[in-house]
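Take a look at the structure below.
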Amino acid sequence: MSQIVITEEALHWQEVARKVAEEVVRPIAAKYDDLQEYPEEVRQAYIDTGLLGVWIPKEYGGHGAGTVALCLVVEELSRACGAMGVAFAVNALGSFPILVGGTEEQKKDWLPQIAKGEKMIAFCLSEKFAGSDAGGMRCQARLEGDEWVINGEKKWTTNGGVASFYTVFAVTDDKSRSRRISAIMVEKGTPGFSVKKIENKMGIRAVPVVETHFDNVRVPAANLLGGRPGYGFKHAMATLDKARPGVAAQGVGLAQGALEYAVTYAMRREQFGKKLASMGVMQDMLGSMASKVEAARGLVLRAATAVDLNDTAQITKLAAMSKNFATDVAMEVTTDAVQIFGGYGFMKDYPIEKYMRDAKITQIYEGTNQIQRMVVARNLVREAASFDFLNEYIPVETYENYQAVFEEEATADS
Ligand code: CAA
10 MSQIVITEEA LHWQEVARKV AEEVVRPIAA KYDDLQEYPE EVRQAYIDTG LLGVWIPKEY
70 GGHGAGTVAL CLVVEELSRA CGAMGVAFAV NALGSFPILV GGTEEQKKDW LPQIAKGEKM
130 IAFCLSEKFA GSDAGGMRCQ ARLEGDEWVI NGEKKWTTNG GVASFYTVFA VTDDKSRSRR
190 ISAIMVEKGT PGFSVKKIEN KMGIRAVPVV ETHFDNVRVP AANLLGGRPG YGFKHAMATL
250 DKARPGVAAQ GVGLAQGALE YAVTYAMRRE QFGKKLASMG VMQDMLGSMA SKVEAARGLV
310 LRAATAVDLN DTAQITKLAA MSKNFATDVA MEVTTDAVQI FGGYGFMKDY PIEKYMRDAK
370 ITQIYEGTNQ IQRMVVARNL VREAASFDFL NEYIPVETYE NYQAVFEEEA TADS
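Going by our numbering, the first residue of the sequence shown is number 10, and it counts up by one from there.
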């Protein structure tokens, strides 16, 4: 079943986000990109307008508007500034593990603080030696009495330093492959927790991306998400399923924003005695860019609707598809937009080169697009196991045991 459901409430939050984007974000985007600093006025605007509660259910202090609303908001913010889009979206990423795996008590304790904007939250999964292979992490947590003691470091923590809560994934049982990892909540200010390296980045420069270090960090046993160890990897994967449409929406926003600048420039710039927008070669580019943006938006909303409807059979695949497709579109469209601006596009006098720099990371974080395509393919193979209607045309023994594909994949990798 294919469908997109956009509620009135989601459209309301889109309007709110558009206002914040135009009145607060766009005017300061270049300045904070240059300074590589987090704009406090944007954080305040997110709090004042209630945007930080959009995806959090009403029973936990949010607006309960869902993932479609979250994506529409992220698109609007990213249309004005990619960094401020992800600075917002990462709060959803950090809070989804609580929604996915937290106990009722944990949800009631932590989520309202995030929804009101009193506390921002970051997601600590990646490590220096565990990027795409998230399960290969080394950060450790051991139970001592009624406390978890965490040691290790995390890489590329977006919003690190700005956030008050950190959802930290750590190895709690090195003997078990499938139950190695647990998620534990750490608050900024806990002794032993520190932000060590603030990255100097190509794009999304206004949002900090840092290393977070854990040196004998002690937190109450009650901070273990879900109250039982060993479910962290599954919670991380289920979280990414919900969050990837948000990065995809960031891609759509960047592409839409760049397209708007490109078409405006093409209508004003004259060469060979005529406006660029009247030239066939430019129309070819603009038409193609606009079509890609619209296709990406449709896929993002389809994936986000699957999350809202809890369409478990489709969420993982659609989330990966939307992330992969929309962020590739973001890179293509922003690069084409720079091309339309020509020499001016390469210079910092115009806002367009920032879109191209901001777009690049969307193809990399929350799982590289190569990982997304692998996830899509794995799901396709699973689905193909039930393609009985093709039995007549392809002998069943060639595909009935779809597990064999994964075994071959594993053998090839080793
Ligand atoms: N939902 C629930 N459970 C899932 C799942 C899902 N979508 N996908 C896998 N699992 C479960 C499996 O069922 C399996 O469970 P059992 O052991 O009980 O069988 C377990 O997780 C392991 O699954 P896999 O064997 O498929 O795991 P894998 O090691 O092959 O890895 C992967 C799979 C898809 C490559 C995964 O490691 C991955 O997504 N990697 C990319 C990491 C990533 O996205 N990092 C993003 C960091 S956050 C970030 O970038 C944010 C930012 O800065 C803004």
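The beta-carbon is built from N, C-alpha and C at its ideal position, and this holds for glycine as well. None of these values were measured; they are calculated from a predicted model.
Pair within 7 angstroms by beta-carbon distance, residue i and residue j
i: A131; j: Y175; result: yes
i: L234; j: F178; result: no
i: L268; j: V338; result: no
i: A54; j: L79; result: no
i: G255; j: A98; result: yes
i: A258; j: V309; result: yes
i: A74; j: E127; result: no
i: V77; j: I37; result: no
i: S173; j: I380; result: no
i: K163; j: E136; result: yes
i: I370; j: I213; result: yes
i: A271; j: G241; result: no
i: E156; j: R227; result: yes
i: K251; j: F105; result: yes
i: I349; j: A275; result: yes
i: V347; j: A305; result: no
i: Q323; j: A335; result: no
i: D367; j: G91; result: yes
i: D224; j: G198; result: no
i: S331; j: A312; result: yes
i: M93; j: V25; result: no
i: G71; j: A143; result: no
i: H244; j: V390; result: no
i: T166; j: V219; result: yes
i: D42; j: K357; result: no
Beta-carbon contacts of residue i that lie in its chain and below 7 angstroms, excluding the five residues immediately before and after
i: Q23; result: L81, V82, E85
i: N168; result: A96, V99, M129, A131, V216, P217
i: Q372; result: T336, D337, M340, N378
Distance cut-off 6 angstroms: residue i Cβ against heavy atoms of ligand 2
i: A247; result: Of the ligands one can find in the structure shown, namely ligand 1, none is ligand 2.
Residue i, buried or exposed, once every other Cβ within 10 Å from all chains shown has been counted against 16
i: L152; result: exposed
i: R6; result: No information on residue 6 is available, as it lies outside the stretch 10 to 423 that the chain covers here.
i: M211; result: exposed
i: S187; result: exposed
i: G154; result: exposed
i: Q280; result: exposed
i: I207; result: exposed
i: R277; result: exposed
i: I403; result: exposed
i: P229; result: exposed
i: G145; result: exposed
i: Q115; result: buried
i: S297; result: exposed
i: K117; result: exposed
i: N333; result: buried
Coil, strand or helix - residue i by DSSP
i: E220; result: strand
i: Y47; result: coil
i: T176; result: strand
i: S191; result: strand
i: G161; result: strand
i: Q23; result: helix
i: A139; result: strand
i: A247; result: helix
i: L152; result: strand
i: C133; result: strand
i: P36; result: helix
i: V226; result: strand
i: E5; result: No statement about residue 5 is possible, as the shown extent of the chain runs from 10 to 423 and does not include it.
i: V204; result: strand
i: E401; result: coil
i: E85; result: helix
i: T167; result: strand
i: E127; result: coil
Other residues of its chain near residue i: CB distance less than 8 angstroms, five sequence neighbours each side excluded
i: Q292; result: A286
i: S185; result: G239
i: G376; result: S141, L249, R253, A329, K332, V384
Contacts around residue i, its chain only, beta-carbon distance under 6 angstroms, and the 5 residues preceding and following it disregarded
i: R189; result: V180, D182
i: K326; result: V385, N388
i: P66; result: G73
i: R27; result: E85
i: Q265; result: R88, V302
Within-7 angstroms CB hit, residue i to chain B
i: K206; result: Given the protein chain composition of this structure (a single chain), no chain B is represented.
Contained alpha helix (DSSP H) runs [length at least 4] in the stretch 48-76, N- to C-terminal order = 49-58
Any beta strand (DSSP E) of 3 or more consecutive residues that is wholly inside the stretch 272-351 = none
query = What are the start and end residues of each continuous alpha helix (DSSP H) run of 4 or more residues lying completely inside the stretch 349-384, in chain order?
reply = 352-355, 361-371
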